[in-house]
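A.B. asks: Residue numbers (my numbering), protein chains in the order written: chain A, 70 to 317; chain B, 2 to 294.
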């Protein structure tokens with residue numbers, strides 16, 4: 070059974086069509102990388118899956134249940150974690166509070182239960198000593214790792230990553246990618262929009278190339294990165310190689 | 002949020018720099034020289050103004066009518082006692098305003114077409130009560146409501162004075178809250194909603210705590226206005242500081258009692274104004290130091 074199914078998804082903002090009929094199937098424990106130029110619709114696709122954007126047409130299934138038109142969107146979002154490019158930690162709460170807020174308020178966990186869960190995750194990702202810090206005292210990499218922990222604390226079935234390293238200084242990228250790599254090894258089902266081509270090649274089971282709101286090409290990293298079929302994919306990858314974001 | 006140690010550091014900086022008045026003088030080049038110039042020009046200015054006033058032909062008359070020390074001593078205790086009613090009025094009003102204005106602001110932030118009537122109601126309310134002069138609302142409610150003769154509504158003019166002030170100032174303060182809510186970046190809401198929090202939970206846990214912190218200075222600013230406007234309740238006949246000084250003035254034909262009232266109002270509002278400025282300054286400094294909004 071697939072973990073996520075997207076059928077003929079379309080979405081426009083006013084007259085600007087962002088997604089023009091996207092089809093995507095993600096198997097359980099599968100890692101999908103979405104690549105493509107800025108504006109190709111990667112972020113919008115992720116936000117639609119999480120129901121943060123209302124879609125115009127198409128259907129989305131989480132497991133075998135349709136979530137488009139769901140009456141309780143909060144119940145759906147509980148099962149899907151998303152991490153944003155700009156971290157979006159809550160600046161008025163310390164790390165512990167950031168991580169335990171949703172488990173306590175949404176899942177109804179008691180304070181000790183939620184904190185045990187949070188401490189486990191923070192320890193696992195080397196953030197145990199940052200529990201009482203406020204976000205503005207953390208580096209970008211630490212903030213992003215906390216954001217990942219915050220999403221994981223809800224024990225989601227599916228994790229979405231929206232260019233989570235794009236806002237980071239280059240030397241902080243590795244620590245965040247390492248966390249995502251560990252999650253992949255642990256069998257987490259993930260869809261990640263990324264500009265880190267080497268990372269996508271290493272971690273993804275399949276890579277989707279988005280172009281002007283369509284998935285133009287899908288394949289294994291091997292297929293997409295070494296022998297892309299579409300001319301647009303080739304052009305995109307050539308530009309990336311020139312910009313030294315992918316090396317062979 | 003900066004930590005406690007940071008806050009203490011802020012205070013140290015404040016103390017080291019001395020008052021803002023002096024530090025603002027220093028911005029122009031050599032500090033000692035500019036302080037001296039400022040001091041000199043201040044003295045010259047006030048001496049000139051003082052000489053001009055005290056040499057005016059009507060000055061002896063004005064002094065005995067408005068700045069009469071004997072009258073001041075005689076009226077001050079009475080006016081001060083009456084001023085306790087002003088304090089009571091604004092203390093009660095401020096608590097009610099904080100709650101009612103927040104309710105209005107939240108109404109206005111409700112999403113979706115279903116809540117359109119409530120949003121519209123909140124907008125009409127804010128427009129209406131910011132549009133009518135305070136003294137008119139106080140007169141209409143203060144004289145009108147008790148005149149209805151309904152047994153179950155209070156007849157006390159103080160009560161209706163407080164109601165009027167709450168109605169008017171809630172309109173202003175709800176706008177302040179709304180500005181605060183709108184200043185929180187939409188990504189905060191997206192982050193909260195993506196975790197499964199409802200709109201209400203998002204507002205309560207994520208948006209409002211940040212918004213309220215941001216609007217404390219403009220909010221206190223409105224309260225400075227409110228504290229002065231408590232004098233308008235006197236027009237209904239409540240014996241507050243202004244009304245008491247009016248009574249004294251009518252009895253003695255000496256206006257020094259007004260000065261007593263003015264001194265009392267200033268004694269309350271100036272510290273609040275300074276405190277508000279200090280909060281703004283601290284906030285700005287922290288944002289510069291912290292980097293994250």
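Beta carbons are placed, not taken as given, at the ideal position from N, Cα and C, and that holds for glycine. What you are looking at is a predicted structure, and each value in this text was computed from that prediction instead of being measured.
My understanding is that residue 91 of chain A touches residue 72 of chain A, with C-beta atoms under 8 Å, so please give their C-beta distance in whole angstroms.
C.D. replies: About 16 Å separates the two Cβ atoms, so there is no contact after all.
A.B. asks: Listing by chain order, which chain A residues have their CB less than 9 Å from the CB of residue 198 of chain B?
C.D. replies: 143, 146, 170, 171, 174 and 175
A.B. asks: On a CA-only basis, which of A/126, A/207 and A/118 is nearest residue 160 of chain A? Give me that one, please.
C.D. replies: With distances taken between Cα atoms, residue 160 of chain A lies closest to A/207.
A.B. asks: Indicate whether residue 165 of chain A and residue 184 of chain A have their beta-carbon atoms separated by less than 8 Å.
C.D. replies: yes
A.B. asks: Provide the residue span of the alpha helix (DSSP H) that contains residue 234 of chain A, from first to last.
C.D. replies: That residue, residue 234 of chain A, is in no alpha helix (DSSP H); it is neither H nor E in DSSP.
A.B. asks: For the region 204–217 of chain B, which residues have a CB atom closer than 8 Å to at least one CB atom of chain A, in sequence order?
C.D. replies: 206, 207, 210, 211 and 214
A.B. asks: Can you confirm whether the region 273–284 of chain A touches the region 101–115 of chain A when touching is taken to mean that 3 or more C-beta pairs between the two stretches lie within less than 8 Å?
C.D. replies: yes
A.B. asks: Below 8 Å CB to CB, which residues in the same chain sit around residue 203 of chain B once its five sequence neighbours on both sides are set aside?
C.D. replies: 190, 193 and 194
A.B. asks: Once the 5 residues before and after residue 250 of chain A are set aside, which same chain residues still bring their CB inside 7 Å of it?
C.D. replies: 272
A.B. asks: DSSP three-state label for residue 282 of chain A, please.
C.D. replies: coil
A.B. asks: Establish whether the CB of residue 283 of chain B and some CB of chain A are separated by less than 8 Å.
C.D. replies: No Cβ of chain A is located within less than 8 Å of the beta carbon of residue 283 of chain B.
A.B. asks: Flag residue 192 of chain B as yes if its beta-carbon sits less than 8 Å from any beta-carbon of chain A, otherwise no.
C.D. replies: yes
A.B. asks: Excluding the 5 residues preceding and the 5 following residue 209 of chain B in the sequence, name in chain order all residues of the same chain whose CB lies nearer than 6 Å to its CB.
C.D. replies: none
A.B. asks: Do you know whose CA, among B/104, B/132, B/166 and B/122, lies nearest residue 228 of chain B's CA?
C.D. replies: Sorting B/104, B/132, B/166 and B/122 by C-alpha distance to the C-alpha of residue 228 of chain B places B/166 at the top.
A.B. asks: Tell me whether residue 215 of chain B sits in a helix, a strand or coil according to DSSP, three-state version.
C.D. replies: Of the three classes helix, strand and coil, the one that applies to residue 215 of chain B here is helix, per DSSP.
A.B. asks: Are the C-beta of residue 244 of chain B and some C-beta of chain A separated by less than 8 Å?
C.D. replies: no
A.B. asks: Would you identify the three-state DSSP class for residue 150 of chain A, choosing helix, strand or coil?
C.D. replies: strand
A.B. asks: Identify every residue that forms a DSSP beta bridge with residue 277 of chain A.
C.D. replies: A/103 and A/287
A.B. asks: Counting only beta-carbon atoms, is residue 184 of chain B nearer than 8 Å to chain A?
C.D. replies: no
A.B. asks: Three or more C-beta pairs closer than 8 Å, one from the region 176–184 of chain B and one from the region 106–117 of chain B: is that the case here?
C.D. replies: The region 176–184 of chain B makes contact with the region 106–117 of chain B, as at least three CB pairs between them are under 8 Å.
A.B. asks: Starting from residue 82 of chain A, follow its DSSP beta bridges and name the residues at the other end.
C.D. replies: A/85
A.B. asks: My guess is that residue 192 of chain A and residue 234 of chain A are in contact by the Cβ rule of under 8 Å, so how many angstroms apart are they, rounded?
C.D. replies: In fact, because the Cβ distance is near 23 Å, the residues do not count as touching under 8 Å.
A.B. asks: Taking the C-alpha atoms as reference points, what is the distance between residue 83 of chain A and residue 126 of chain A?
C.D. replies: 14 Å
A.B. asks: Note the first and the last residue of the continuous alpha helix (DSSP H) segment covering residue 188 of chain A.
C.D. replies: 180–193
A.B. asks: Okay, do the region 226–244 of chain B and the region 77–94 of chain B touch, 3+ Cβ pairs below 8 Å being the bar?
C.D. replies: yes
A.B. asks: In the DSSP output, which residue or residues are listed as bridge partners for residue 135 of chain A?
C.D. replies: When beta bridges are read from the DSSP output, residue 135 of chain A appears opposite A/130.
A.B. asks: Measure the alpha-carbon distance for residue 99 of chain B versus residue 174 of chain B and round it to whole angstroms.
C.D. replies: 8 Å
A.B. asks: Scan the region 99–145 of chain B and note each continuous beta strand (DSSP E) run of 3 residues or more that stays entirely inside, going in chain order.
C.D. replies: none
A.B. asks: Using a Cβ cut-off of 7 Å, pull out every chain A residue sitting near residue 195 of chain B, in sequence order please.
C.D. replies: 119, 121, 146 and 151
A.B. asks: What is the rounded straight-line gap between the Cα of residue 141 of chain B and the Cα of residue 218 of chain A?
C.D. replies: 58 Å
A.B. asks: Along the chain, where does the beta strand (DSSP E) containing residue 258 of chain A start, and where does it finish?
C.D. replies: 258–262
A.B. asks: According to the Cβ coordinates, are residue 81 of chain B and residue 265 of chain B closer than 8 Å?
C.D. replies: Result yes, Cβ atoms of residue 81 of chain B and residue 265 of chain B sit closer than 8 Å.
A.B. asks: What is the residue span of the alpha helix (DSSP H) that residue 207 of chain B lies within?
C.D. replies: In the DSSP annotation of this structure, residue 207 of chain B is not part of any alpha helix (DSSP H), being labelled neither H nor E.
A.B. asks: Give me the residue from B/127, B/115 and B/143 with the minimum Cα distance to residue 102 of chain B.
C.D. replies: B/127
A.B. asks: Terminal residues of the continuous alpha helix (DSSP H) containing residue 311 of chain A?
C.D. replies: 300–311
A.B. asks: Should residue 194 of chain A be flagged as near chain B, meaning a C-beta pair shorter than 8 Å?
C.D. replies: no
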